[in-house]
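The structure appears below as structure tokens.
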Amino acid sequence: MNEKYFPEVIEKKWQQVWEETRAFEVTDNDPRPKFYCLEMLPYPSGFLHMGHVRNYSIGDAVAWFKRLRGFNVLHPIGWDSFGQPAEQAAIKRGVNPRDWTEENIALMRGQFKRLGISYDWSREIAAHRPDYYKWDQWFFLQMFERGLAYKRQSAVNWCPREETVLSNEQSSGGVCWRCGTAVIKKDINQWFLRITEYAEQLAADLTEIEAGWPEKVLKRQRDWVGRSEGAYIDFAVQGHDEKIRIFTTRVDTIFGATAIVIATEHPLLEKLLEGSSLKEDVKRFAEGIKAARAARSDLTIEEEKVGINTGILAVNPFNGETLPVWVANYVLMDYGSGAVMSVPAHDERDFEFATKYTLPIRQVIARITHDQTGGGADVVPGQDQSVDMREAFTDYGVLVNSGDWSGKLSRDAIVEMTRYAEEKGFGGGAVTYRLRDWGISRQRFWGAPVPIVYCQACGTVPVPEKDLPVTLPERAQFSGAGESPLAGVPEFVNTSCPQCGGPAKRETDTMDTFVDSSWYFFRYCDPRNDSAPFDPKKIAKWIPVDQYIGGDSHAVMHLIYTRFWTKMMRDLGLVSFAEPVKKLMTQGMVTNRVEGTDEWKAMSKSLGNGVDPDEMIAAYGADAARLFILFAAPVENELRWSESGIEGGVRFLRRVWTMVWRWQERLLSAGDESMPFDQASEEVRSLRRKTHQTIARVTADFEKLDLNTNVAALMELSNALGEIKADPATASPGEVAAMREAMHALVVMLAPMAPHVAEEMWEALGHEGGLLKGAKWPQEDAELARKEELEIPVQVNGKLRSRIMATPETSDEELRAAALADEKVRSFTEGREIVKVIIIPQRLVNIVVK
RNA sequence: GCCGGAGUGGCGAAAUUGGUAUACGCACCAGACUCAAAAUCUGGCGAGGUCACACUCAUGUCGGUUCGAGUCCGACCUCCGGCACCA
-16 MNEKYFPEVI EKKWQQVWEE TRAFEVTDND PRPKFYCLEM LPYPSGFLHM
34 GHVRNYSIGD AVAWFKRLRG FNVLHPIGWD SFGQPAEQAA IKRGVNPRDW
84 TEENIALMRG QFKRLGISYD WSREIAAHRP DYYKWDQWFF LQMFERGLAY
134 KRQSAVNWCP REETVLSNEQ SSGGVCWRCG TAVIKKDINQ WFLRITEYAE
184 QLAADLTEIE AGWPEKVLKR QRDWVGRSEG AYIDFAVQGH DEKIRIFTTR
234 VDTIFGATAI VIATEHPLLE KLLEGSSLKE DVKRFAEGIK AARAARSDLT
284 IEEEKVGINT GILAVNPFNG ETLPVWVANY VLMDYGSGAV MSVPAHDERD
334 FEFATKYTLP IRQVIARITH DQTGGGADVV PGQDQSVDMR EAFTDYGVLV
384 NSGDWSGKLS RDAIVEMTRY AEEKGFGGGA VTYRLRDWGI SRQRFWGAPV
434 PIVYCQACGT VPVPEKDLPV TLPERAQFSG AGESPLAGVP EFVNTSCPQC
484 GGPAKRETDT MDTFVDSSWY FFRYCDPRND SAPFDPKKIA KWIPVDQYIG
534 GDSHAVMHLI YTRFWTKMMR DLGLVSFAEP VKKLMTQGMV TNRVEGTDEW
584 KAMSKSLGNG VDPDEMIAAY GADAARLFIL FAAPVENELR WSESGIEGGV
634 RFLRRVWTMV WRWQERLLSA GDESMPFDQA SEEVRSLRRK THQTIARVTA
684 DFEKLDLNTN VAALMELSNA LGEIKADPAT ASPGEVAAMR EAMHALVVML
734 APMAPHVAEE MWEALGHEGG LLKGAKWPQE DAELARKEEL EIPVQVNGKL
784 RSRIMATPET SDEELRAAAL ADEKVRSFTE GREIVKVIII PQRLVNIVVK
């Protein structure tokens, strides 16, 4: 240890030691309890940004803390290395995506090491390597066999800028998740994974994880799955045997239905129109809608409602009324049954539609009025039929104009009418979901090829497991448009049929990269397995993940896919649990001021407000950068970058450094002086008290991930150390013992946030023999932490008027007497009647006077 | 529009969950060291008020509960985020 703190020297030194001793590698048969600490794996763009630094600094703090608390901590890292940017680089600069990716990985691995993140590098994985994506393909085949992977033609989300298909999750909000461009619809034949098969479980199992996941993520997942309870009702069609099935959550409004409206793509439409004079008109209308949708450049702008009367008549099974059947653009084919009953009086969309096309609007729900003439105890629902019908009345209420059901409350009517429909055989209860199947086809080169072969004789044939992986060719032509570049590589496309041996062509689509990331953290548990994606026994040991850390931008992408994938793997018999992540923390963004403005935005190259981690490390050291990032804001908040803030971090580390340097010799040479606490000087007792209070605080704050207050507590302890003015050479045994205790505790507790400097000081304090990772987390002694003197605030009528000194042993009676006798207090109580005195032990006295 | 979350010094933020509001840090001010500056160290730092106390007012606004409210309840305002015809 040098007199001066040179971060660049010690950081390099310890990074090398950790690497050479493989300090953070873990084994499966370690007897200590396990802890799986995971951060979302990065895309290898070539450089870490500050958001990454924050993510991985938080993760490393957790990993270190748990390690020092005696856990066998699995803390791995890998690369989400398939995807667009590599292909863009290939298109623009003609480089090979593989070389480009591998170079970037090497650059970023170097940055991770310069940050000193304590990863088990022996478990590093990369999605673009055949030994990884082989298992993506294997999983695909398992799903294909079970009907969970299928191909169909459909309108999909398309990012016109990146020229690629996006899943619903990736185009949430109507914009591309990566570049923010408004998506359009394109009709494409593509592969889907049947995530909807798991809709109910994805919704229901949220209760299993709700204690450990942030509410905002749970909410978004709940909304995304969009579970909705209601009823289906079959409407007979006049002159046909067919029935039109509708879904509704408001069957209580069915007497107000004045039309049936179906989607333009409704499968019954063509059949029902046979022989109708309106057939051509309706067909033309439907095709017009389809064309308009394909041409739309921004899906976030709502379409105007348009429709056409088909001339078909349907019969309301509740009252026998005949209703016209309309086709309209506002009814979606892929939700519910693609048909609705139109109740203009009680649904905003139906109201708008009915107003436009002058369909009848009939009120069947009245607002409840509370009739309390019965003495106030009974609330009798009355009716207010004067509901303003200039807009839809969508609240629950009392049924009116509804035959025998009139007078019932909506809530009850829904239950009873659903049961009635079921008894009569024309309907029943139903649950629908907003969730759609996951489209995974990408017309791209840089992804895992879908392991399917098309044979003229046998049709769609899965590649046999023994022939996996289907590897990417070395070279391809990258145009950036149209079909997958794989289609232009004959040696890839042309193959023989695995079934009949005849000539066949390979599928040229590759898989969405979110397939890779759906199960990567399972692979960390068994990264070199070449006969299976992983050994289930190893999974049972490590997963569920104990703490997962990443951005909330993945709330309904990665985080829903990986939950689906886990449930799918459970059904394959590979894992025995349904939820892969026990606790999730979503860290806030790192923002910086955009030059010349007052706006704080996420750091980015295009805005010119980025900060290069390497420059920060060079200027201040990795420890100070990490410490500042953890200190500057609570982990979930936005973090506004500040250069002067990071300087504060350096100052703190330097102060601690100097103290340790000044005392190290004395602490090492002196024996193990201990001194009875009650004989020590007040100065020493006060330091020891602070030490033990800090241990308690920091330990608790780590469990809550309150890392900012954690740093503050360590700063306070360091300030308390500074209060000891004794010269190390002449310090008393009691002082030396207290200093040793405080410094050891401080250094160990600092390790999770500033590991290099902590390791160096740990060595200086005499622990050369063992690395800091083997140190024991300090143990709080509640007796030593206890305050001996208390300053008790005294209030009069709730206003602070004075303070009196007491000890924890002071009785309530004594406190009361002391408070009442206090001079300042007396000036407020003089001549007034004391109503009562409230005493909160060790806390406060409040005197109530009149 | 619907659904969430949040409003505390000049700034980032604390507050043991109803008990001394503003811990810790940044910025700023003053002093020490220095020829000087930087660095470092010491002290100050919510607003009003006072020579200094005292005292008064302050946690988005208004009201309520309570001996006592940043914390609980009601209404409102503002900002941020999510969703997009989901029947």
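The letter at position 120 of the first sequence is residue 103 when you use our numbering, and the numbering goes up by one with no holes. By construction, the Cβ of each residue, glycine as well, lies at the ideal position given by its N, Cα and C atoms. Remember, predicted model here, so these are calculated numbers, not experimental data.
Please classify residue 842: does DSSP put it in a helix, a strand, or coil? The structure shown does not extend to residue 842, since the chain is modelled only from -16 through 833, so no value can be given for it.
Looking only at C-alpha atoms, which of 23, 291, 187, 209 sits nearest to residue 839? In this structure the chain extends from -16 to 833, so residue 839 is not present and cannot be described.
Skipping 5 residues on each side, what residues in its chain have a beta carbon closer than 6 Å to that of residue 294? Residue mapping note: residue 294 aligns to position 311 of the first sequence, counting from 1. Within the same chain, and ignoring the five residues on either side of residue 294 in sequence, the residues whose Cβ sits closer than 6 Å to its Cβ are 259, 261.
Taking the C-alpha atoms as reference points, what is the distance between residue 9 and residue 179? Here residue 9 corresponds to residue number 26 of the first sequence, with the count starting at 1. Here residue 179 corresponds to residue number 196 of the first sequence, with the count starting at 1. A direct Cα-to-Cα measurement between residue 9 and residue 179 gives close to 38 Å.
Any idea what DSSP makes of residue 454, helix, strand or coil? What you label residue 454 is simply residue 471 of the first sequence in a count that begins at 1. The three-state secondary structure of residue 454, taken from DSSP, is coil.
Since residue 400 is in the beta strand (DSSP E), which residue starts that stretch and which ends it? Numbered from its first residue, the first sequence carries residue 400 at position 417. Bounds of any beta strand (DSSP E) do not take in residue 400; it lies within the alpha helix (DSSP H) bounded by 393 to 407.
Helix, strand or coil for residue 154 per DSSP? For the purposes of this step, residue 154 is taken as residue 171 along the first sequence, with counting starting at 1. Of the three classes helix, strand and coil, the one that applies to residue 154 here is helix, per DSSP.
Consult DSSP for residue 416 and reduce its assignment to one of helix, strand or coil. Against the first sequence, residue 416 aligns to sequence position 433. If DSSP states are grouped into helix, strand and coil, residue 416 belongs with coil.
Give me, in chain order, the residues of the same chain whose beta-carbon lies closer than 7 Å to that of residue 495; leave out the 5 immediate sequence neighbours on both sides. Stepping through the first sequence from its first residue, residue 495 is reached at position 512. If we look at residue 495 and ignore the five residues flanking it on each side, its Cβ neighbours are 150, 423, 425.
If distances are taken between C-alpha atoms only, which option among 268, 605, 603, 236 comes closest to residue 330? Here the question's residue 330 lines up with position 347 in the first sequence. Comparing Cα positions, the closest option is 236.
Residue 625 versus residue 161: straight-line alpha-carbon distance, rounded: Here residue 625 corresponds to residue number 642 of the first sequence, with the count starting at 1. Here residue 161 corresponds to residue number 178 of the first sequence, with the count starting at 1. C-alpha separation (whole angstroms): 27 Å.
DSSP state of residue 594, grouped into three classes? Working through the first sequence from its first residue, we reach residue 594 at position 611. If DSSP states are grouped into helix, strand and coil, residue 594 belongs with coil.
Taking Cβ positions, are residue 498 and residue 211 nearer each other than 8 Å? Locating residue 498 in the first sequence gives position 515, where the first residue counts as 1. Locating residue 211 in the first sequence gives position 228, where the first residue counts as 1. Taking C-beta atoms as the reference points, residue 498 and residue 211 fail to come closer than 8 Å.
Would you mind sorting residue -11 into buried or exposed? The rule is 16 or more other CB atoms within 10 Å of its CB. Translated into positions along the first sequence, residue -11 becomes position 6. Label assigned to residue -11: exposed.
Burial state of residue 192, where buried means 16 or more other Cβ atoms lie within 10 Å: Mapped onto the first sequence, residue 192 falls at position 209. By the beta-carbon neighbour count (other beta carbons within 10 angstroms, threshold 16), residue 192 is buried.
For residue 552, which residues from the same chain have a beta carbon less than 6 Å from its beta carbon, with the 5 sequence-adjacent residues on both sides left out? The residue labelled residue 552 in the question sits at position 569 within the first sequence. For residue 552, where only same-chain residues beyond five positions count, the Cβ hits under 6 Å are 558.
On the criterion of 16 or more Cβ atoms from any shown chain inside 10 Å, does residue 360 qualify as buried, or is it exposed? On the first sequence, position 377 is the one that residue 360 refers to. In this prediction, residue 360 has a pLDDT of 32, which is less than 50 and means its spatial position is unreliable; nothing more can be read from the coordinates.
Kindly indicate which three-state DSSP category residue 780 falls into: helix, strand or coil? Reading the first sequence from its first residue, position 797 is the one you call residue 780. Residue state, collapsed to three classes: coil.
Give the C-beta separation of residue 297 and residue 219 to the nearest angstrom, bearing in mind that I take them to be a contact with Cβ-Cβ under 8 Å. The residue given as residue 297 occupies position 314 in the first sequence. The residue given as residue 219 occupies position 236 in the first sequence. Residue 297 to residue 219, Cβ: 7 Å. Contact.
Could you check the C-alpha separation between residue 380 and residue 67 for me, to the nearest Å? What you label residue 380 is simply residue 397 of the first sequence in a count that begins at 1. What you label residue 67 is simply residue 84 of the first sequence in a count that begins at 1. Distance between the alpha carbons of residue 380 and residue 67: 53 Å.
Could you have a look at residue -13 and say whether DSSP puts it in helix, strand or coil? One-based indexing of the first sequence puts residue -13 at position 4. Three-state result, residue -13: coil.
Which two residues bound the contiguous beta strand (DSSP E) that contains residue 822? Residue mapping note: residue 822 aligns to position 839 of the first sequence, counting from 1. In the DSSP annotation of this structure, the continuous segment of the beta strand (DSSP E) that includes residue 822 starts and ends at 817 to 823.
Of all the options 573, 569, 755, 548, which has the alpha carbon lying nearest to the alpha carbon of residue 561? Stepping through the first sequence from its first residue, residue 561 is reached at position 578. Of the residues 573, 569, 755, 548, the one whose Cα lies closest to the Cα of residue 561 is 548.
Where in the stretch 752 to 816 do unbroken runs of the alpha helix (DSSP H), each at least 4 residues long, occur, reported from the N-terminal end onward? Taken in chain order, the whole alpha helix (DSSP H) runs of length 4 or more contained in the stretch 752 to 816 are 765 to 768, 795 to 804, 806 to 812.
Report the start-end ranges of each beta strand (DSSP E) in the stretch 71 to 136 that is 3 residues or longer and not cut off at the edges. Runs of the beta strand (DSSP E) inside the stretch 71 to 136: none found.
Could you give the DSSP three-state label for residue 259: helix, strand or coil? Within the first sequence, the letter at position 276 stands for residue 259. Three-state result, residue 259: coil.
Could you tell me the boundaries of the alpha helix (DSSP H) in which residue 726 lies? Against the first sequence, residue 726 aligns to sequence position 743. That run of the alpha helix (DSSP H) goes 716 to 733.
Exposure of residue 667, with buried meaning 16 or more beta-carbon neighbours within 10 Å: Locating residue 667 in the first sequence gives position 684, where the first residue counts as 1. So residue 667 ends up on the buried side.
Could you tell me which residues DSSP pairs with residue 530 in its beta bridges? For the purposes of this step, residue 530 is identified with residue 547 of the first sequence, where counting begins at 1. DSSP output for residue 530 lists 20 as bridge partner(s).
Can you list, in chain order, the stretches of the beta strand (DSSP E) that have 3 or more residues and sit fully within the stretch 477 to 554? Runs of the beta strand (DSSP E) inside the stretch 477 to 554: 477 to 479, 486 to 489, 530 to 534.
Starting from the Cα of residue 760, find the closest Cα among 327, 774, 53 and give me that residue. Position 777 of the first sequence holds residue 760. Considering only alpha carbons, the answer is 53.
What whole-angstrom Cβ distance do residue 314 and residue 239 have, given they're in contact under 8 Å? The residue labelled residue 314 in the question sits at position 331 within the first sequence. The residue labelled residue 239 in the question sits at position 256 within the first sequence. The pair is not a contact, with the Cβ atoms about 17 Å apart (cut-off 8 Å).
Residue 304 versus 343, 286, 346, 241, residue with shortest Cα-Cα distance: Here residue 304 corresponds to residue number 321 of the first sequence, with the count starting at 1. Looking at 343, 286, 346, 241, the one whose alpha-carbon comes closest to that of residue 304 is 241.
Rounded separation between residue 129 and residue 186 - CA only: Within the first sequence, residue 129 is the residue found at index 146, counting from 1. Within the first sequence, residue 186 is the residue found at index 203, counting from 1. Going from the Cα of residue 129 to the Cα of residue 186 covers about 22 Å.
Beta-bridge partners of residue 442, as assigned by DSSP: Against the first sequence, residue 442 aligns to sequence position 459. Beta-bridge pairing by DSSP links residue 442 to 438.
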